[in-house]
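Start counting the sequence shown at 267; every next residue gets the next number (the numbering used here). Following: one structure in structure tokens, then a few remarks.
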Amino acid sequence: MSKAYYCPLNLKQTRDATFHCEWIVSNAEYDAQWGTFLPLNCGQAAFDAVHRAIAQARRSVDIICWGFQPSMHFIRDGKQPPIGQLLEQKAAAGVDVRVLGWAFEPFGINVTGFAGEPNLVGKGDLRIKARTKDAPFGARKHTADDKQYQYDKAWYQRHALDLSLPEGSDHTLQARLQRQQRQQQAARQRKLRFIGRGFGAMEQLEIFHAARYRAQSPTDISQQLMSAAVPTHHQKMVLIDMDDPTLAYGFVMGHNMLDEYWDTPAHSVRVHPPDQGRNGASPRQDISSRVSGPILQHLHHNFAQAWQQETGEDLLALRKAKDVHPRLPLRTDIDPKGKCMLQILRTQPQQRHPLSGKTGIQDIESMYLQAVNNALSYLYFENQYFRWPALADKINDVAYNLTRHGRDGKHGQLHVFVVTNASDEGVGPGTLNTYRMLDTLGRAELIPNVSRSQELDWRHNQWKAARKRHADIALESRTAGTLPAGGINPGYYLDLQKRQADAEQALRQAEAALKASQEASRQAKRTGQPQTIAPQPRPGLKIHVCTLVAPDSPPYTPAAYIDTRSPRERSLGLPPRRQLTRPASWVPVYIHSKLTLINDVFTTLGSANLNTRSMQVDSELNIAHQNGALTKALRLQLWSQHTRDTKTKQPWGAQQDVEEAFKKWGDLIKDNKKAQGDGKPPVAPLVEFYRDSPDVSNLD
């Protein structure tokens with residue numbers, strides 16, 4: 267039986283009502299507010315807009331970032347100053363500049379390079395693995411040259427402040443607190459302040475507890491421990507002139523303020539000087555947004571809360587926020603076509619949720635699970651990671667339920683489009699959950715060697731979990747049968763019957779999958795051949811999983827041995843000298859986006875990846891809206907970019923009709939596979955995800 271929905275009507279006025287999907291998260295920390303929204307695709311557009319906004323600021327500039335490089339040029343025309351110099355110029359002109367960045371500095375040593383990508387290069391007196399030559403093998407490298415690196419060090423020495431509780435020889439906590447307060451008071455006299463922030467031991471313990479006992483999508487104990495050990499402040503946002511409502515606007519970003527993140531939609535392999543174009547190690551796809559209007563009050567609260575926690579300064583009181591927030595106008599002068607209802611959502615593991623009272627705000631997780639449940643036509647994920655198994659389960663459930671309730675399986679299937687990374691850098695620490703995600707969606711053949719090594723264990727665990735769910739519901743059913751007739755709401759019995767039927771079906775499917783895997787494994791052992799991993803169709807679901815390459819990549823040539831003998835040596839019959847040539851592969855575009863589009867209605871972007879860390883552990887900031895015109899325009903823009911033919915410059919798969927676009931993506935995937943096999947350049951940037959490395963990790 268379907269769930270009943272009710273709508274109050276004034277029958278004197280109308281007898282019609284229109285129902286629509288609920289996109290706004292009703293029990294979230296922040297409610298929906300009006301605003302303007304402009305997506306900023308790729309670093310050139312995003313950093314240009316942020317630079318100009320800061321240059322025009324009159325009162326204040328507030329920045330939260332994961333990574334900050336003072337020597338980075340936001341505008342790369344060879345004329346504009348780096349961001350660190352621009353902030354100094356604004357401070358000299360009387361503008362209050364506040365920057366919060368994530369700092370991992372145990373014992374005062376900057377060691378963020380150990381985690382992969384150095385995010386505060388040059389900060390601190392002691393730095394380990396902070397540059398290209400020092401970073402660990404396989405890590406993302408920092409591209410700053412020596413001149414930039416020296417500038418970064420000098421900038422941080424001038425402006426980075428440590429306002430944490432001082433150690434020292436004071437005998438009482440009260441004396442140390444008084445010293446901290448004096449430092450905070452002195453810091454407020456400065457116009458430009460950079461504050462590094464991290465997590466304390468108690469916060470880390472609370473994060474572990476919340477991930478283990480209160481998460482909507484539970485994870486392995488190993489992941490919970492790893493996440494709690496090194497949580498990060500991953501939010502990215504900018505606010506301009508928040509104490510003057512007529513001037514205020516802001517940015518919700520996916521980009522980090524580091525050289526690596528500046529690129530154009532062309533994603534060329536060509537590298538330029540740091541003030542004239544892309545100078546990162548590889549092309550990079552990312553997306554941010556510019557916003558204005560009443561929605562800014564929630565961005566302001568997010569910044570002010572974090573700033574007060576680190577400095578003791580109450581910006582909401584200082585700026586008279588109760589008076590300013592109600593007067594924030596829609597800045598249609600800068601974004602005339604972007605008016606819509608917006609919602610700010612956070613993952614804030616150390617903060618108490620204002621509605622539930624529980625520690626640990628996980629509204630981004632709630633938003634994703636709710637929004638995906640509304641999918642009718644398509645889901646488009648453009649994300650750095652694709653390894654949140656709970657999301658795959660939800661997608662399967664939605665597709666299955668659409669089919670079960672009468673959706674035509676041939677023409678009415680749910681179409682899923684994924685653009686993510688297949689490289690070591692993108693998949694590395696999370697190969698196991700990437701496999702689980704792909705396997706759940708029926709595409710384990712895209713990561714075959716991990717599939718072969720993990721499949722039997724994974725199938726057995728799925729079967730045990732399904733058997734336990736079935737037993738639990740059977741026990742509940744037996745218990746309900748002992749209660750007096752009429753003592754329970756009839757709706758409960760209907761729900762119980764449905765859950766019992768679903769559990770029985772899940773158990774049958776898990777048993778069948780386990781038996782099939784066991785037989786495939788036995789067959790592989792008998793023949794001595796690798797086990798074949800084939801796509802497994804899911805009811806009501808069609809899915810493409812892709813990644814991107816630079817459109818001007820060189821022709822693909824695999825590694826091969828060549829004979830290096832001279833013609834004379836050959837004529838003399840001397841034995842061959844074989845030398846292994848370096849392969850020339852298509853240059854991957856690193857996907858850093860955190861974007862989801864649904865049904866040409868819903869959009870969310872920001873800092874949150876599709877992994878468990880972003881949903882439960884790291885501090886994250888996303889924005890969402892349900893403006894169909896804006897969502898469709900962004901879909902067509904991105905699909906045109908990703909499927910643009912390198913010769914004709916026409917897009918393959920940006921069709922208005924999603925089913926037709928899905929077919930075109932499939933055609934393009936086949937053509938690019940053929941081009942690669944023939945040793946040719948790519949036909950277009952979009953290629954199928956494929957990872958043949960057998961390495962397995964379960965750290966994320």
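Just so it is clear, CB atoms sit at the ideal spot from N, CA and C, and this is done for glycine as well. Note that the structure is a prediction, hence the values are computed from the model and not measured.
**OP:** Give a yes or no on contact between the segment 796-810 and the segment 693-712, applying the rule of three or more CB pairs nearer than 8 Å.
**Re:** Contact between the segment 796-810 and the segment 693-712 is present, because at least three Cβ pairs lie under 8 Å.
Original post:
Residue ranges of each beta strand (DSSP E) run of no fewer than 3 residues wholly in the segment 869-948, ordered along the chain?
Top reply: Correct list: 886-891.
Original post:
In angstroms, rounded to a whole number, what distance separates the CA positions of residue 406 and residue 858?
Top reply: Unreliable placement is indicated for residue 406, whose pLDDT of 44 sits below 50; no coordinate value is reported for it.
Original post:
Using the beta-carbon count (16 or more within 10 Å), is residue 416 buried or exposed?
Top reply: The residue in question, residue 416, is exposed, as its Cβ has fewer than 16 Cβ neighbours within 10 Å.
Subject >> Cβ-based burial, residue 837 [other Cβ within 10 Å; buried from 16] >> reply: Exposed: under 16 other Cβ atoms inside 10 Å.
**OP:** Flag this pair as yes or no: are the beta carbons of residue 640 and residue 865 separated by less than 8 Å?
**Re:** Cβ atoms of residue 640 and residue 865: closer than 8 Å.
**OP:** Would you check if there are 3 or more beta carbon pairs closer than 8 Å linking the segment 545-562 to the segment 294-310?
**Re:** As far as the Cβ criterion goes, the segment 545-562 touches the segment 294-310, which means the pair count is three or higher.
**OP:** On a CA-only basis, which of 579, 566, 607 is nearest residue 588? Give me that one, please.
**Re:** If we check each option's Cα against that of residue 588, 566 comes out closest.
Subject >> Residue burial classification, residue 583 (beta-carbon count within 10 angstroms, cutoff 16) >> reply: Per the 10 Å Cβ criterion, exposed.
**OP:** Have a look at residue 361 and residue 337 and give me their C-alpha separation to the nearest angstrom.
**Re:** Rounded to the nearest angstrom, the two C-alpha atoms are 20 Å apart.
Subject >> Alpha-carbon spacing of residue 897 relative to residue 785, whole angstroms >> reply: Put simply, the backbone Cα of residue 897 is about 46 Å away from that of residue 785.
Original post:
Would you report the Cα separation of residue 358 and residue 873, rounded to the nearest angstrom?
Top reply: In a straight line, the C-alpha of residue 358 is about 31 Å away from that of residue 873.
Subject >> Minimum length 3: unbroken beta strand (DSSP E) runs contained in the segment 507-579 >> reply: The qualifying runs are 515-518, 553-558.
Original post:
Are there three or more Cβ pairs, one per stretch, closer than 8 Å when the segment 691-700 is compared with the segment 640-659?
Top reply: Yes, the segment 691-700 touches the segment 640-659.
**OP:** Can you tell me which of the three DSSP states residue 607 falls into?
**Re:** Of the three classes helix, strand and coil, the one that applies to residue 607 here is strand, per DSSP.
Original post:
Using CA coordinates, which residue listed in 727, 856, 460 is at the minimum distance from residue 425?
Top reply: Minimum Cα distance to residue 425 is reached at 460.
**OP:** Below 8 Å on the Cβ atoms is my guess for residue 881 versus residue 613; work out the distance and round it to an integer in Å.
**Re:** With a beta-carbon spacing of about 6 Å, residue 881 and residue 613 fall inside the 8 Å limit used to define contacts.
**OP:** Let me know if residue 520 comes out buried or exposed under the rule of 16 or more other beta-carbons within 10 Å of its beta-carbon.
**Re:** Buried, because 16 or more other Cβ atoms sit within 10 Å of the Cβ of residue 520.
Subject >> Alpha-carbon spacing of residue 618 relative to residue 694, whole angstroms >> reply: Approximately 33 Å, taken between the alpha carbons.
Subject >> Among 910, 863, 328, 962, the one whose alpha carbon lies nearest that of residue 574 >> reply: Taking only the C-alpha atoms, the option nearest residue 574 is 328.
**OP:** With distances taken Cα to Cα, identify the nearest neighbour of residue 642 among 657, 633, 666, 631.
**Re:** Per the Cα distances, 666.
Original post:
Where do the ends of the alpha helix (DSSP H) carrying residue 308 lie?
Top reply: That run of the alpha helix (DSSP H) goes 308-322.
Subject >> Local conformation of residue 953 per DSSP, three classes >> reply: Strand.
Original post:
Using the C-alpha atoms, what's the distance from residue 576 back to residue 636?
Top reply: When rounded, the distance between both Cα atoms is 33 Å.
Subject >> Selected residue, minimal CA-CA separation from residue 774, among 762, 726, 704, 809 >> reply: Checked all of 762, 726, 704, 809; the closest Cα to residue 774 is 726.
**OP:** With a threshold of 16 other CB atoms inside 10 Å of the CB of residue 629, please say whether the residue is buried or exposed.
**Re:** Buried, because 16 or more other Cβ atoms sit within 10 Å of the Cβ of residue 629.
**OP:** Would you please state the rounded distance, in angstroms, between the beta carbons of residue 812 and residue 952? I believe it to be under 8 Å.
**Re:** About 5 Å separates the Cβ atoms of residue 812 and residue 952, confirming a contact at the 8 Å cut-off.
Original post:
Applying the criterion that 16 or more other CB atoms from any shown protein chain within 10 Å of the CB defines a buried residue, is residue 966 buried or exposed?
Top reply: By the 10 Å Cβ count, residue 966 comes out buried.
Subject >> Inter-stretch contact at 8 Å, needing at least 3 Cβ pairs: the segment 761-771 / the segment 727-738 >> reply: Contact between the segment 761-771 and the segment 727-738 is present: 3 or more CB-CB pairs across the two stretches fall below 8 Å.
**OP:** In the DSSP assignment, find the unbroken beta strand (DSSP E) run with residue 627 in it and report its ends.
**Re:** For residue 627, the enclosing beta strand (DSSP E) stretches over residues 625-628.
Original post:
Could you give the C-beta distance for residue 527 and residue 388, rounded to a whole number, given that I count them as a contact under 8 Å?
Top reply: The Cβ separation is near 17 Å, so there is no contact.
Original post:
According to the neighbour-count rule (16 or more other Cβ atoms, all chains shown, within 10 Å of its Cβ), is residue 671 buried or exposed?
Top reply: Taking all protein chains in view, the Cβ of residue 671 is surrounded by fewer than 16 other Cβ atoms within 10 Å, so the residue is classified as exposed.
Original post:
alpha helix (DSSP H) containing residue 502: first to last residue?
Top reply: Where residue 502 is concerned, there is no enclosing alpha helix (DSSP H), given that its DSSP letter is neither H nor E.
Original post:
Within this structure, are the beta carbons of residue 502 and residue 330 separated by less than 8 Å?
Top reply: Contact: yes.
Original post:
What three-state label does DSSP hand residue 761 in the structure shown?
Top reply: Helix.
Original post:
Would you say residue 783 and residue 947 are within 8 Å of each other, going by their C-beta atoms?
Top reply: In terms of Cβ geometry, residue 783 and residue 947 do not form a close pair [threshold 8 Å].
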